[in-house]
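> Quick note: the sequence shown, position 128, residue 136 per full-length UniProt numbering, numbers continuous. First the structure, which I've put down as structure tokens, then a few questions once you've had a look.
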Amino acid sequence: PETVGLVAAGEVVDRPASVVKELVENAFDAGASCVEVVVDKELKSITVRDNGCGIAEADVLLAFERHATSKITCGADLERITTFGFRGEALPSIAAVARVELKTRVADAVGGTLVRIEGGQVVDFRPVGAPPGTTVTVRDLFYNTPARRKFLSSPRVELGRVTEMTGRLALGRPDVAVRLESGGRELFRTPGTGLAGAVRAIYGEAVAAALVPVEAEGAGARLTGFVGRPELVRTTRRGQTWFVNGRYVKHGGLTAAVYEAYGTLLPAGKHPFFVLHLTLDPGFVDVNVHPQKLTVRFDQEREVLAFARGAVKKALFGRAV
Ligand code: ADP
Ligand code: MG
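The following block contains the structure:
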């Protein structure tokens, strides 16, 4: 079982950024309105703190058991997954390859619970005073799997990935206040009041001032978000973000639809900035929810892409085209 645990762990968590992703998505699933990510400069310690529902003492150890998820109770639930997690793999996977401390309290419980797990072994479990919500600290990722540790890049590069991931998570849930701190320095803090505020917090005032809002409904879908004015076009593809039903995805067709909307406004070799949320009936979209895959398929792909292109055009040109 030891080997199985370590192999499976590689699927969910391969670097600090994927630890952050799993922990922050758990915080979102817990209904948190406030999520804080704190890392040290060397990425030896990753802490995610939330003010969500917490975990009852009786369930704390269960949360670290493989395929123990509180989020799916019957097969039919699989059809309409609204939470980010549902496999019950993240916590056990992380705990198998790191030193994990989880402190949690359900709001109406008298006290909280602390558990420490190292390399899959419970080394501490006791009642503790704690604010409502959950704080998870992951230290020494891959300390017991040197072969995996070798695949990590320099702390600077890994921090870049953590920053990009945290920003992406925050843009995906702009109703939640998300804060990122590294080495005692705050990198950003979104207000939790909507996408405009989140974009400003993450990309800065200059970018925020050069955006036009997108807001459209059609083809059974809804598109909201921001695209850069033509003068904001960039030399890289960074700053291109598509969310489908709240999940970050990479979809060549959706991205091409944005490029097509810009048309001749986009000089060769230049790339538009955008943050777009597409919402549609979950029955018409198949998001591949494998932890490392970000793909999506639509039942009415042509219609959806045409709708997206038209909506972005309308935002850029101020009229229906
Ligand atoms: P999944 O998210 O797929 O259910 P995880 O391994 O990520 O699996 O988490 C296991 C369980 O632990 C969750 O189903 C949830 O009940 C609980 N849990 C994890 N993180 C939190 C959190 N931040 N707040 C409340 N409950 C949590
Ligand atoms: Mg999860």
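Note that the Cβ used here is the ideal one computed from N, Cα and C, for glycine as well.
Rounded to whole angstroms, what is the Cα-Cα separation between V165 and C61?
Residue numbering aside, residue 165 sits at position 157 when the sequence shown is read from its first letter. Residue numbering aside, residue 61 sits at position 53 when the sequence shown is read from its first letter. The alpha-carbon atoms of V165 and C61 are separated by roughly 33 Å.
> Taking the runs of the alpha helix (DSSP H) that are 4 residues or longer, which of them lie wholly in the region 29 to 73?
DSSP runs (the alpha helix (DSSP H)) wholly in the region 29 to 73: 65 to 68.
> Just to confirm the assignment: which complete beta strand (DSSP E) runs, minimum length 3, are found wholly within the region 184 to 258?
You should have 185 to 190, 193 to 197, 219 to 226, 229 to 236, 248 to 252, 255 to 257.
> Buried or exposed: which applies to Q129, given that a residue is buried once 16 or more other Cβ atoms fall within 10 Å of its Cβ?
By one-based count along the sequence shown, residue 129 stands at place 121. Per the 10 Å Cβ criterion, exposed.
> Can you have a look at V47 and say buried or exposed, based on whether 16 or more other CB atoms are within 10 angstroms of its CB?
By 1-based counting over the sequence shown, the position of residue 47 is 39. Flag for V47 reads buried.
> With DSSP collapsed to three states, give me the class of T153.
For the purposes of this step, residue 153 is taken as residue 145 along the sequence shown, with counting starting at 1. Note: T153 maps to coil in three-state DSSP.
> Short of 8 Å in beta carbon distance, which residues of its chain neighbour P275, apart from the five on each side in sequence? Order them along the chain.
One-based indexing of the sequence shown puts residue 275 at position 267. Closer than 8 Å at the Cβ level, and outside the excluded window around P275, lie V241.
> In angstroms with no decimal places, state the Cα-to-Cα distance between E194 and D183.
Residue 194 sits at position 186 when you count from the first residue of the sequence shown. Residue 183 sits at position 175 when you count from the first residue of the sequence shown. Each residue's Cα considered, the two are about 20 Å apart.
> Whole angstroms is fine: what's the gap from V68's alpha carbon to L99's?
Counting from one through the sequence shown, the residue named residue 68 turns up at place 60. Counting from one through the sequence shown, the residue named residue 99 turns up at place 91. The alpha-carbon atoms of V68 and L99 are separated by roughly 11 Å.
> Taking F281 and G236 to be in contact with their CB atoms under 8 Å, please state how far apart those CB atoms are, rounded to whole angstroms.
Looking up residue 281 in the sequence shown gives position 273. Looking up residue 236 in the sequence shown gives position 228. With 8 Å as the limit, F281 and G236 qualify as a contact, their Cβ atoms being about 3 Å apart.
> My output table needs one value for T77: the three-state DSSP class, helix, strand or coil.
The residue labelled residue 77 in the question sits at position 69 within the sequence shown. Reduced to three states, the DSSP call for T77 is coil.
> When you compare the CB positions of residue 7 and E73, do they come within less than 8 Å of one another, or not?
Any answer about residue 7 is impossible in this case: the structure gives the chain only from 9 up to 329.
> Going by CA-CA distance only, name the one from V118, S190, A71, A155 that's closest to L167.
For the purposes of this step, residue 167 is identified with residue 159 of the sequence shown, where counting begins at 1. Closest by alpha carbon: S190.
> What span of residues does the beta strand (DSSP E) with T287 cover, start to end?
Looking up residue 287 in the sequence shown gives position 279. T287 -> beta strand (DSSP E) spans 282 to 288.
> Can you tell me which of R113, F234, A106 puts its alpha carbon nearest to the alpha carbon of A138?
Stepping through the sequence shown from its first residue, residue 138 is reached at position 130. The shortest C-alpha separation from A138 is found at R113.
> Determine, using beta-carbon pairs with one atom in the region 250 to 265 and one in the region 201 to 219, whether at least three such pairs fall under 8 Å.
No: fewer than three Cβ pairs fall under 8 Å.
> Can you tell me whether DSSP reads K111 as helix, strand or coil?
For this step, residue 111 is matched to residue 103 along the sequence shown. Strand, per DSSP.
> Compute the Euclidean distance between the alpha carbons of L262 and A206, then round it to the nearest angstrom.
Reading the sequence shown from its first residue, position 254 is the one you call residue 262. Reading the sequence shown from its first residue, position 198 is the one you call residue 206. Spanning the two alpha carbons is a distance of roughly 22 Å.
> CB-CB under 6 Å to F150, same chain, minus the five flanking residues each way: which ones, in chain order?
On the sequence shown, residue 150 is found 142 positions in, with the first residue counted as 1. Taken in chain order, the residues that qualify are V105, R156, R157.
> Counting C-beta neighbours from all protein chains within 10 Å, is the total for E10 16 or more, i.e. buried, or is it exposed?
Along the sequence shown, read from residue 1 onward, the residue named residue 10 stands at position 2. Confidence in E10 is poor, its pLDDT being 47 and thus under 50, which makes the residue's placement too unreliable to answer from.
> Let's see if you can read the secondary structure: which residues bound the beta strand (DSSP E) around E126?
Along the sequence shown, read from residue 1 onward, the residue named residue 126 stands at position 118. Its beta strand (DSSP E) spans residues 120 to 126.
> Report the rounded CA-to-CA distance for P199 versus S41, giving the unit in angstroms.
Walking along the sequence shown from the start, residue 199 turns up at place 191. Walking along the sequence shown from the start, residue 41 turns up at place 33. Those two C-alpha atoms are separated by around 10 Å.
> For the alpha helix (DSSP H) containing R169, list its first residue and its last residue.
Within the sequence shown, numbered from 1, the residue matching residue 169 stands at position 161. Residues 163 to 180.
> Hey, would you say L188 sits closer than 8 Å to T174, going by beta carbons?
What you label residue 188 is simply residue 180 of the sequence shown in a count that begins at 1. What you label residue 174 is simply residue 166 of the sequence shown in a count that begins at 1. For L188 and T174, yes; Cβs fall inside 8 Å.
> Looking at L286: is its Cβ nearer than 8 Å to the Cβ of A265?
Stepping through the sequence shown from its first residue, residue 286 is reached at position 278. Stepping through the sequence shown from its first residue, residue 265 is reached at position 257. No. Outside cutoff.
> I'd like the list of long-range same chain contacts for A117, defined as Cβ closer than 8 Å, with 5 residues on each side in sequence excluded.
Against the sequence shown, residue 117 aligns to sequence position 109. Counting only Cβ-Cβ distances below 8 Å, and skipping sequence neighbours, we find G62, A64, E65.
> Whose C-beta lies closer than 7 Å to the C-beta of A319 among residues of the same chain, with five residues either side of it excluded?
Position 311 of the sequence shown, counted from the start, is the residue given in the question as residue 319. Result list for A319: V222, A224, L231, in chain order.
> Work out the CA separation of P154 and A204 for me, nearest whole Å.
On the sequence shown, position 196 is the one that residue 204 refers to. On the sequence shown, position 146 is the one that residue 154 refers to. Straight-line Cα distance between these residues: approximately 42 Å.
> Are the CB atoms of F36 and R124 within a distance shorter than 8 Å?
If you number the sequence shown from 1, residue 124 lands on position 116. If you number the sequence shown from 1, residue 36 lands on position 28. Contact flag unset, no.
> Which stretch, first to last residue, makes up the alpha helix (DSSP H) that contains F315?
The count along the sequence shown starts at 1 and reaches residue 315 at position 307. F315 -> alpha helix (DSSP H) spans 309 to 325.
> Rounded to the nearest angstrom, what separates P290 and R310 at their Cα positions?
As a first step, residue 290 is located in the sequence shown; it is residue number 282 there, counting from the start. As a first step, residue 310 is located in the sequence shown; it is residue number 302 there, counting from the start. One C-alpha to the other measures close to 17 Å.
> Less than 7 Å between the CB of G96 and some heavy atom of the ligand ADP, yes or no?
Taking the first residue of the sequence shown as position 1, residue 96 is located at position 88. Yes, Cβ of G96 sits closer than 7 Å to a heavy atom of the ligand ADP.
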